[in-house]
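The block underneath contains the structure these notes are about, expressed in structure tokens.
In UniProt numbering, the protein residues as written are 1 to 120.
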């Protein structure tokens with residue numbers, strides 16, 4: 001994550017929380033410094049789901065995510081999913097979802113329910 005990622009997400013979302021910009025406010029918080037918006041952290045899962053598993057044509061129907069640790073500018077994160085349930089009557093899957101920092105810290109975990117549309 002780069003500071004530019006925070007700026008771009010702010011332009012899209014309007015999230016101007018001082019924890020993402022104000023060094024002093026962020027330092028005085030429980031996080032001890034600037035943190036990346038949760039939407040930026042979880043966005044990597046959009047790419048995993050849409051590009052890898054289940055793949056193109058997939059959208060989230062429901063997510064249940066717990067943010068466990070902060071992501072800071074300069075961190076590298078990896079998103080991963082694991083299929084935990086597949087419906088046989090509809091193209092719906094339930095996934096275990098995680099995001100991990102470069103130091104091995106789990107920063108997000110939870111589940112997502114996805115629908116996959118056949119692309120022609």
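Just so it is clear, CB atoms sit at the ideal spot from N, CA and C, and this is done for glycine as well.
I need the DSSP call for residue 11, collapsed to helix, strand or coil. helix
How many Å lie between residue 101 and residue 34 at the Cα? 15 Å
Three-state secondary structure (DSSP) at residue 110? strand
State the beta-bridge partners of residue 80 as determined by DSSP. 98
Please go through the same chain and pick out, in chain order, the residues whose beta-carbon is closer than 7 Å to the beta-carbon of residue 54, but skip the five residues on each side of it. 93, 114, 116
Of the choices 57, 2, 65, whose alpha-carbon is the least far from that of residue 96? 65
Evaluate the contact criterion for the region 76 to 95 versus the region 7 to 26: three or more CB pairs, one atom per stretch, below 8 Å. no
CA-CA distance, residue 75 and residue 8? 16 Å
In the DSSP assignment, what residue or residues form a beta bridge with residue 85? 94
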